[in-house]
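Residue numbers (UniProt numbering): 1 to 85.
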């Protein structure tokens, strides 16, 4: 995956999925921030991620901006961060 390409998939009218697997800090957080700037408040963003420092750092950064997030462990390496306003 290119560092500049945003891999965003629309799941349905309110859900989007952003795949940032393979990216390391700060790129996952930068991509999440860019996508959230374009989504309206009622949307839910699910971030698929495999970088432990980003899994640790993204939720507190989002909380400071008024977002709520939940981490869901998919397997030993991959997590999903579910984000909503």
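We put the beta carbon where it would ideally sit given N, CA and C, even for glycine.
| Asked | Found |
| --- | --- |
| If the criterion is Cβ atoms closer than 7 Å, does the pair residue 17 and residue 41 meet it? | no |
| Does the beta-carbon distance from residue 81 to residue 74 come in below 7 Å? | no |
| Could you give the DSSP three-state label for residue 34: helix, strand or coil? | helix |
| Taking residue 49 and residue 20 to be in contact with their CB atoms under 8 Å, please state how far apart those CB atoms are, rounded to whole angstroms. | 5 Å |
| Can you list, in chain order, the residues of its chain with a C-beta nearer than 6 Å to that of residue 79? Leave out the 5 residues immediately preceding and following it. | 49, 55, 71 and 73 |
| Between 53, 36 and 27, which lies nearest to residue 77 when the distance is taken from Cα to Cα? | 53 |
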